Structures are given as C-alpha cells and as structure tokens.
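Q: Shown below is the structure under consideration.
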Amino acid sequence: MNKGKLYIVATPIGNLADLTFRAKEILESTDLVACEDTRHTGILLSHYKIDTPKLSFHSHSGQAKVDKIMVYLQGGKDVALVSDAGTPGISDPGYVLIQAALETGIEIIPIPGPSAVITALCASGLPTDKFLYLGFLPVKKGRQTIFKKIAESEYTVVFYESPHRLRKTLEQLSEFLSVNARVVVAKELTKFYENYYRGTLSEVLAKIPEKPKGEYVVMVIP
Ligand code: SAM
C-alpha cells in the first residue's frame, strides 16, 4: 500500500485572505488536518467552507499523538500539518512529527505561505540579505548571554516577543546595544492594528504603549 504524504501548510498570521490557493487545495483534498487548536483552525476552515476532519496536535501532545498521525500516514492517508498561524515548525510544533515521518520514508511537502518573521523583515527597512532568527528569547536563564549575542551580531537579528515582556526586553537590551543601534518592532502584522515602530532603542521605547497588546516581532541591527 502507498504511504500518505505529510504536507506542512502555512496559514494566515491574522488576515484570512492570506491563505494561498495551493494551501486551500491541500486543506480541501487531504484526509486529515493536524492542528494546534481545532477551534482556531476551525475558523479558517469554515471561512473557506472546508470540512476536512481535524485532529489536535500541539507542543504538549506527546509521542502518542505523533504515533497516531504516523498510523494515518502509514495507512496511506494524507495529513496536512498547520499551526495556529504562520508556518508550522517555525517556533511552532512540527519538528518531532517531521522527524518521525522522515524515519519511515514518508514524503514531506512544504506548502509555503505567511510567516511573521519574513513578513516583519520584508517591510522593516533593515538589511535582509543576511539575518539571524532567534525565535522566542529565553524567559529566565540565558537572557544576558543572548543579549550579548544580539549586540555582537553582524546581521539583523529577529525574534518574537510577547506583549507583556516587550518593554522589559527592550529595556534590558539597551544595556548591551550601542546608542546607534537601529530597532524595528512590528506589531499585529496583516491585522487592523498593524504598525511598525522604527528608530533607536530609546525612540522605539518612547513610541510603544506602556501596556502593549497584540503580537510583536522585534528586529535589531546592532
Ligand atoms: N509559526 C509562526 C510563524 O511562522 O510566524 C510563529 C508562531 S509563534 C508561536 C507566535 C509568535 O509569532 C507571536 O508571539 C508573535 O511574536 C509572532 N507573530 C505571529 N503572528 C504575528 C503577527 N500577525 N504580527 C506580529 N507578530 C506575529
């Protein structure tokens, strides 16, 4: 029996119209959609009138869920992996399942589309020919080390940050960066409150609200 295929499908990061034609076709034709949050992905699927069965698969799912998806794939069923937003595997679940699929010879097919890191960078105005992506910074241990690495980078550094840690991270970073370092913070990309804050660290901090809300990508060229 032929094995199924594992599709890694990028989905919108805020604007439902950003689903690609190919992603829509795959989500319609696949046997199963493995998603972080079935209700969240349900909004996207119902917007496009797609009624493919869903199965939850998130960072705490564990080996049993990986095994379950592998049974589908081994049994000839196609599976589309999506995350809540953006590209699966990019600071999102995917790695363990992709490893398991590779070990058993399952074909893995990426369906490209939105990702917050690329969306933020492309309009940042910072150099994008080379960049260093750090995902989420450590919350407790290792922050000083990573701040030093950011300050020493030859390339634009990009990372994700939660709204309630944004100001603290920028303030701590200011102890490591030169005053000339350029910073761009992208907020709520593709959404109603989309905004870019650009300048030196102190200029950017002055523009960001005291209690930020929404989703953020931080970019720095030391
Ligand atoms: N896999 C996703 C991708 O490809 O972009 C990233 C998932 S990660 C768990 C979620 C983080 O991405 C958010 O906390 C935020 O930092 C960033 N992010 C996602 N959507 C965003 C948006 N619309 N605007 C700004 N940042 C966003």
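Numbering (my numbering), first residue to last: 24 to 245.
Built from N, CA and C at the ideal position, the CB exists for glycine as well.
All values reported here derive from a predicted model rather than from experimental measurement.
(1) By the DSSP assignment, the alpha helix (DSSP H) with S69 in it spans what residues?
(2) Between L104 and V202, what straight-line distance do the alpha-carbon atoms span, to the nearest angstrom?
(3) Within 7 Å: the Cβ of S114 and any heavy atom of ligand 1?
(4) Spatial neighbours of A46 within its chain, please: CB distance less than 8 Å, with the 5 preceding and 5 following residues excluded, ordered by chain position.
(5) Quick check: is any heavy atom of ligand 1 less than 7 Å from the C-beta of V119?
(6) Rounded to whole angstroms, what's the CA-CA distance from V162 to I129? Just pull it up for me.
(7) Nearest to G98 by alpha carbon, out of G27, A209, A139 and F80?
(8) Note down the Cα distance separating E59 from S79, rounded to an integer number of angstroms.
(9) What are the start and end residues of the beta strand (DSSP E) that includes P133?
(10) Going along the chain, which residues of its own chain have a beta-carbon closer than 6 Å to the beta-carbon of P76, five neighbours each way excluded?
(11) Go through its chain and collect everything with a Cβ distance to T247's Cβ below 8 Å, but skip five positions before and after it.
(12) Check whether the Cβ of E238 lies closer than 7 Å to any heavy atom of ligand 1, and answer yes or no.
(13) Can M242 and T179 be called in contact, C-beta distance under 8 Å?
A: Quick answer:
(1) Residues T61 to H70.
(2) Cα-Cα distance, rounded: 43 Å.
(3) Yes - ligand 1 has a heavy atom lying nearer than 7 Å to the Cβ of S114.
(4) Once the five neighbours on either side are set aside, the close Cβ partners of A46 are V32, A33, T34, I134 and G136.
(5) Set against 7 Å, the gap from the CB of V119 to the closest heavy atom of ligand 1 is not smaller.
(6) Spanning the alpha carbons of V162 and I129 requires a straight line of approximately 36 Å.
(7) Among G27, A209, A139 and F80, the Cα nearest to that of G98 is on G27.
(8) Looking at the two C-alpha atoms, the distance is approximately 5 Å.
(9) Here the beta strand (DSSP E) through P133 covers E130 to I134.
(10) Cβ within range, chain order: L55.
(11) Outside the shown range of the chain (24 to 245) lies residue 247, about which nothing can therefore be said.
(12) Result yes, Cβ under 7 Å from ligand 1.
(13) The Cβ atoms of M242 and T179 lie closer than 8 Å to each other.
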